Amino acid sequence: MKTFVMNAIDKVGFMDKPIPKPGPNDAIIKTTMALICTSDSHTVHGAIGPRENLTLGHEAVGIVHEVGPEVRKLKRGDRVVSGAITPDWGDTFSQAGHSSQSGGALGGWKFANIKDGVFAEYFHVNEADANLAKIPAHVSDDVAVYCADMLSTGLVGAEAANIPIGGSVAIFALGPVGLMAVAGTRLRGAGKIIAVDSVAKRCELAKFYGADVTLDPSKEDVVARIIAMTGGYGVDSAIEALGADETFQNAVAVTRPGGTISNVGYHGKGEFVHLPRLAWGVGMAEKVITTSLCPGGSLRMERMLQLLESKRIDPTPMTTHRFKFSEMERAFEVMDKKLDGVIKPLIIF
Ligand code: ZN
């Protein structure tokens with residue numbers, strides 16, 4: 039089968055590999071659609087070290103091709119979405135309620151990290167009954183594929199932000215995760231949603247997903263503006279959806295004492311992430327910082343699919359580009375260099 043791999047740091051290309059075989063509880067999925075993620079770029083540029091000839095990609099939908107003998111809920115031909123994170127559900131961290139960390143920090147993240155990912159004609163899913171969800175007939179593949187990561191991650195950003203009903207929230211960076219975090223804050227009952235990004239098209243989409251106000255950090259001091267907009271106190275909650283020192287510091291600075299900063303950004307560069315000492319109340323302002331990795335699992339995927347089926351969220355405006363799998367090199371370059379106003383490139387197999 040054809041796969042798209044990271045040959046070495048800063049080098050990608052196609053590679054032929056054998057179709058994987060399932061273990062007793064696993065499934066092999068024939069890929070129909072996938073999305074490229076900025077995390078794939080981070081990986082290629084060495085954020086987690088060298089991953090020689092590892093297949094990239096972690097956001098995909100497909101058709102069940104083969105299941106192991108112990109798989110009960112799925113059969114060949116089922117149309118399914120896999121979480122980007124595929125935990126080991128018997129692991130001690132899963133049992134403690136942190137399934138994304140199964141096996142240790144970030145251990146639920148297997149695709150294109152510790153095993154081959156989904157940019158392939160077929161991919162392997164461990165614990166298939168627990169990690170795959172059947173896609174309802176009325177939800178198309180190009181919509182369902184957003185459950186894998188963007189919806190689950192964006193929404194957990196809002197879930198972890200502890201937003202009071204009617205409360206205020208600021209979202210820093212409006213890539214697809216930030217946009218889905220905006221949608222999540224609305225679903226969680228935020229009363230004032232302030233979205234921050236310097237790209238006009240992304241701000242426009244944030245309004246579509248429920249932002250009341252958008253601010254451009256290249257044009258104004260967004261921290262001062264948000265503090266002023268919230269009676270001098272700051273927001274109840276802030277969401278960091280970029281993974282940069284500056285946005286993280288801004289998120290801490292705009293959060294009022296006792297508020298919550300929810301980090302879903304992937305801090306892919308540098309040795310440290312810094313806290314603004316005074317705005318952090320010199321460590322005593324009771325500001326809570328939460329960190330989350332995309333929740334996976336069939337129950338989580340089923341809930342995301344329900345949001346799509348009921349049209350509470352429409353992710354399709356984020357699909358700015360469509361490519362065939364054979365055009366993967368170009369698609370990756372577009373996403374990697376953020377060319378042509380790209381938000382999400384959809385890959386069709
Ligand atoms: Zn992703």
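The working numbering numbers the first residue of the sequence shown as 39 and each following residue consecutively. Every residue, glycine too, gets a C-beta built ideally from N, C-alpha and C. The structure displayed is predicted, hence computed values, not measured ones.
query: For review: beta carbons within less than 6 Å of any heavy atom in ligand 1; result: CYS75, SER77, HIS96, GLU97, ALA122, ASP187
query: Inter-residue spacing [alpha-carbon to alpha-carbon] between LEU345 and TYR184; result: 11 Å
query: Beta carbon of ILE34 nearer than 8 Å to that of ALA221; result: Because residue 34 is not part of the residues shown, which for the chain are 39 to 387, the question remains open.
query: Rounded separation between ALA289 and VAL181 - CA only; result: 30 Å
query: Beta bridge counterpart(s) of TYR160 as assigned by DSSP; result: LYS68
query: Nearest residue (CA-CA) to ARG294, options ASN63, MET322, VAL102; result: MET322
query: Start and end residues, beta strand (DSSP E) containing ARG294; result: 293 to 301
query: Straight-line gap, THR41 to GLU340 (C-alpha atoms, nearest Å); result: 28 Å
query: Rounded C-alpha distance that separates HIS359 from LEU316; result: 43 Å
query: Validate contact between the stretch 187 to 199 and the stretch 153 to 169 using beta carbons, cut 8 Å, 3 pairs; result: no
query: Beta bridge counterpart(s) of HIS359 as assigned by DSSP; result: PRO383
query: CA-to-CA distance, HIS176 to GLU309, given in whole angstroms; result: 46 Å
query: Within 8 Å, strictly: CB atoms of ALA279 and ILE209; result: yes
query: Distance, ASN169 Cα to ASP179 Cα; result: 17 Å
query: Option nearest ILE393 by Cα separation, candidates LEU331, GLY100, ALA134, PRO255; result: Because the chain is modelled from 39 through 387, residue 393 falls outside the range shown and cannot be assessed.
query: Nearest-angstrom Cα separation, counted from GLU365 out to THR285; result: 33 Å
query: Entirely enclosed beta strand (DSSP E) segments - the stretch 145 to 217, minimum 3 residues; result: 160 to 163, 170 to 172, 206 to 210
query: Alpha carbon of SER120 to alpha carbon of GLU97, nearest angstrom; result: 8 Å
query: Own chain residues within Cβ distance below 6 Å of ALA122, not counting five before or after; result: HIS96, GLU97, ALA186, ASP187, CYS332
query: Straight-line gap, GLY319 to ALA199 (C-alpha atoms, nearest Å); result: 19 Å
query: Short Cβ contact (8 Å threshold) for GLU108 with ASN63; result: yes
query: Beta-carbon spacing of THR223, GLY248 below 8 Å; result: yes
query: Minimum C-alpha distance to ALA238 - residue among ALA211, PRO60, LEU384, GLU324; result: ALA211
query: 8 Å Cβ cutoff met for SER137 and TRP127; result: yes
query: Which residues DSSP lists as bridging THR354, in chain order; result: Paired residue(s): none; THR354 is not in a bridge.
query: Cβ-based burial, SER348 [other Cβ within 10 Å; buried from 16]; result: exposed
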